[in-house]
Each structure stands twice: as structure tokens, then as C-alpha cells.
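Input: a single structure, listed below in C-alpha cells.
Numbering (the working numbering), first residue to last: 71 to 303.
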């Protein structure tokens, strides 16, 4: 990797860290935007793809936590599409997942399921067990929305089992975020099953993990989930 490409990747890492804090998330837009321009100038195609993916996630999180404006969803989906078009590496499955999540948020769960199936196939083809397990948790969430509760529970338990084994060998911020995903969706599963006690237990696991590994955005996810559970009595 050239020195110029390394500089671009350092900017991407900075943008990712800034995005994880709800109070500084807006600052990630110019940082990531500049990183994309820089990486385009130095002809780092994979770096550009990563930049578009990171920037798309910024807009997705802004919609989720700050402003319910559908324009933010549209921008995010378009940025993810650009990332998929440019990417050739191992990051493609999770980018496709982000597109599936937006499809789901817009109520098109069949399209979302098809997109996650595509992402799972890619993860399997490249032999990325951690991505596959992470994607499996999201398939579980989609199955909850499609009222396939047994299928959802099976996917979530398999995801949790596999990610637990992976994080025992290696622990990174990304893997800890991924590990918290089946925990959070299991909470949603129990909420859908009207088992508020277990729903709260799993939501608290998300918050505890977020506090331990300083995952501020994920902590906010867990807190919002607890509020949803409490509102259901």
C-alpha cells in the first residue's frame, strides 16, 4: 500500500471513530468525504469503496438516532450502492446488509431477506465466518418481521454461538459491535414473544458490552431498546 493510500485509510479510521460518538457524528461527514476524494486521487478503488460504505453508515445512523427524514435513507442507500459497485474485497457482504436494512425500514421485508441472502452467500464464498455469523443475526431479525419466530430463534442462537467462539480468540471494536447484534435481536425476539423479562435481560447485555468496550452508539441502541420494552409494560 502506498503512503498516500495509508493516509487515506487513516482518515477513514478517524471518521469511523468520530461517527461512533453521537455528539460528533456530523463531523464524520467532512472527514469521510475528504477521505473519499483523497483515495480517488490516489486511485485506491477499495479505499473509496470503504469510504462510501462508512459515509453511508453515517447517514443511516443520522436517520436512526437523530432525524427521521427519508432523504437520509435515500442518500445512505445510494452511498452503499456505490460502495458495492467499487468493492472487490471482503467488505461487500456487510455493505449489502446495510442496503437490506434500509429496505426493511421502508417495509419491504421480502427485498431485505433477498439482499441478506445475497450477502450470506458472498460471506460463505469468501470464507468469512465472522461476517457470516453477523449476517445470520440480521436474517433472524427479518424473520421476526416475517413472523417466522422459530426460524429467527435458530438463526440468532447460531449467530451468538459462532460469534462467541470468534471473540474468544480475537477482540476488536468491530467484532464487539457484531457480538452485541444477536444479543440485541434476541431481546427483540423475546419482546415480540411478549417475554419482557428476558427481553430486558438481553437488552442489558448489550448495554453492558457497550460500556465495557466504549461503544457509545451501541449503548444508545440498547438504552432505546430498554425504553421500548418498558413501554410494553
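The C-beta atom is built at its ideal place from N, Cα and C for all residues, glycine as well. Note that this is a predicted model, so its numbers are computed, not measured.
Could you tell me the boundaries of the alpha helix (DSSP H) in which residue i lies?
i	result
residue 292	286 to 301
residue 90	Looking at the DSSP string, residue 90 is not in any alpha helix (DSSP H), and its letter there is neither H nor E.
residue 102	98 to 111
residue 136	Taken as a continuous stretch (DSSP letters only), residue 136 belongs to no alpha helix (DSSP H), as it is neither H nor E.
Kindly give me the distance between the Cβ atoms of residue i and residue j, rounded to whole angstroms, as I take these residues to be in contact under 8 Å.
i	j	result
residue 168	residue 122	With 8 Å as the limit, residue 168 and residue 122 do not qualify as a contact, their Cβ atoms being about 11 Å apart.
residue 164	residue 195	Contact doesn't hold; Cβ gap of about 14 Å is too wide.
residue 170	residue 189	7 Å
residue 89	residue 131	7 Å
residue 236	residue 199	7 Å
residue 299	residue 266	6 Å
What is the DSSP secondary structure of residue i, counted as helix, strand or coil?
i	result
residue 259	helix
residue 265	coil
residue 228	helix
residue 283	coil
residue 158	coil
residue 197	coil
residue 151	helix
residue 216	coil
Would residue i and residue j qualify as a contact pair, given that the criterion is a beta-carbon distance under 8 Å?
i	j	result
residue 100	residue 286	no
residue 97	residue 126	no
residue 216	residue 186	no
residue 295	residue 264	no
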